[in-house]
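In what follows, a structure is listed as structure tokens, so that the remarks can point back to it.
Numbering (full-length UniProt numbering), first residue to last: 1 to 528.
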């Protein structure tokens, strides 16, 4: 227990120390301090030929290693050495100019298994550890053996970076390094993770590092990232990543960053290939919807086309219908109308589906005149049957509160099954809604007539301004006259017809579900 507490405390201290040792704090050692040789007091940092039990560092050793590579030694300059005038600048440049020295402390604890150990020269006089007279040397040290800084060593260094990027402490420290906004440091970290982009994006700890890294990446680097995640991969590519919790967060961060960039087209093209698969996934659909919310209509065209292509299959899927409804809220332009028409033309099919009816209800709520007309045509002759179905009754009720109200009430009034509908477990709700909707329609001007009424009121106000009483009387007359508009006349007429037919069956309505309708008739139908 004591060790655990101590370890946690050390980790926090190390992170704080790293943050304090930023390039602007003048805490970097001189080049001479950064040089290591076999004569240092603590030779545990060196790797000797006999060390066979070498492995990637733990979180704690990684933290210490990073600090060893970036902060000055506790002893300061050794005897005989002079302090440079700009330690921070020299330290930063020396750290960034040498791949191994950048992560020297980390590298000292990790030996690439593919490299041969070289004997340490006695006295340390002929061993180079990465610097020669203040310049990066041809042979890099820090490992306790001579190595050439060619590209053969980079995969090993990249492995060190990605392995630690997937841990909490390692990710935190790498984010601290990124916060310095030093391009050369950013590039080193980028090189370390680019070949492991999927792992980084889906990692519990790595995804936050990914979010910080892309903010500092150049257009070329962002292009490389997109190339990686949109290509085929054993991990399934961008579609599989988008369906994981952390992966979807990473993709959405990338979308937010690229929303005004031409690079976003490649991301959208890749997402389009798995559109249906993503839309029936809770996490995956959030990625699609992020595109629809943030990106312009032209760039989203591929997703719009995919939505039209898959809308019926999505509508009848328990998860897909929810995603499609959100999509309908955000789709813009001509594709929006096209999508609504496809749904409207399949109204009868969708109205009877446990999931599809929710999508149709969504479309009815939009109350688009052309779309409502299409839905009425598709449902014509089926209102009574739908009213007595669980899914269909919800659609009919929505229609009663839309521009299609008169069509629905007319079909109910003219049906010989009105009593059966009123006594049905679902149908009784339809009849109640029909009574309320038709009464409302017949008692107040429809919103489409208000502009005309307001203009008339304004005109009359100026004509009768000499007599306030006349104005008030005239406004009242105008309000009463509005009830005579064709729309209101029809609504009132349907309400009266509906009431008359139901009152013929009052006795029959006193039993079962019909009691709900009976009580509504007896207390007079409330407008609200």
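Glycine is no exception: its CB is placed at the ideal position from the N, C-alpha and C atoms.
Being a predicted model, the structure only gives us computed values, none of them experimental.
Where residue 256 falls, given that 16 or more other Cβ within 10 Å makes a residue buried: exposed
Distance CB(residue 343)-CB(residue 363) smaller than 8 Å: yes
With 16 other Cβ atoms within 10 Å as the buried cut-off, status of residue 380: exposed
Residue 296 versus residue 336 - alpha carbon distance: 14 Å
Neighbourhood of residue 174 by C-beta, 8 Å cutoff - its chain only, sequence neighbours within 5 removed: 161, 164, 165, 189, 209
Reduced DSSP category for residue 78 - H, G, I as helix; E, B as strand; rest coil: Any reading at residue 78 must be qualified, since the residue scores a pLDDT of 39, below 50, and its modelled position is unreliable; the value itself is stated next. Of the three classes helix, strand and coil, the one that applies to residue 78 here is coil, per DSSP.
Rounded straight-line distance, which links the Cα of residue 238 to that of residue 121: Any reading at residue 121 must be qualified, since the residue scores a pLDDT of 35, below 50, and its modelled position is unreliable; the value itself is stated next. Each residue's Cα considered, the two are about 51 Å apart.
Inter-residue spacing [alpha-carbon to alpha-carbon] between residue 288 and residue 371: 25 Å
C-beta atoms of residue 426 and residue 393 nearer than 8 Å: yes
Assigned exposure category for residue 270 - 16 Cβ within 10 Å defines buried: buried
Helix, strand or coil at residue 182 according to DSSP, with G and I counted as helix: coil
Rounded separation between residue 224 and residue 194 - CA only: 8 Å
Unbroken alpha helix (DSSP H) run spanning residue 279, endpoints: 275 to 279
Cβ distance (whole Å) where residue 339 is taken to contact residue 306 below 8 Å: Between residue 306 and residue 339 the Cβ distance is about 11 Å, and since that is not below 8 Å, they are no contact.
Integer Cβ distance of residue 504 from residue 413, believed to fall under 8 Å: Actually they are not in contact, since the Cβ atoms of residue 504 and residue 413 sit about 12 Å apart, beyond 8 Å.
Closest by C-alpha distance to residue 352, when choosing among 276, 312, 428: 312
Residue closest to residue 301, alpha-carbon to alpha-carbon, out of 180, 319, 248, 327: 327
Proximity test, residue 200 beta-carbon vs the ligand NAP heavy atom, cut-off 7 Å: The ligand NAP is absent from the structure shown, which contains no ligands of any kind.
Proximity to residue 331 [Cα-Cα], best of 400, 366, 346, 347: 366
Cβ-based neighbour list, residue 290, same chain, cut-off 6 Å, excluding 5 preceding and 5 following: 252, 255
Coarse secondary structure for residue 297, derived from DSSP in three states: coil
Beta-carbon proximity list for residue 373, same chain, < 7 Å, skipping 5 on both sides: none
First through last residue of the alpha helix (DSSP H) which encompasses residue 325: 320 to 330
Residue 500 burial status per 10 Å Cβ neighbour count (16 or more: buried): exposed
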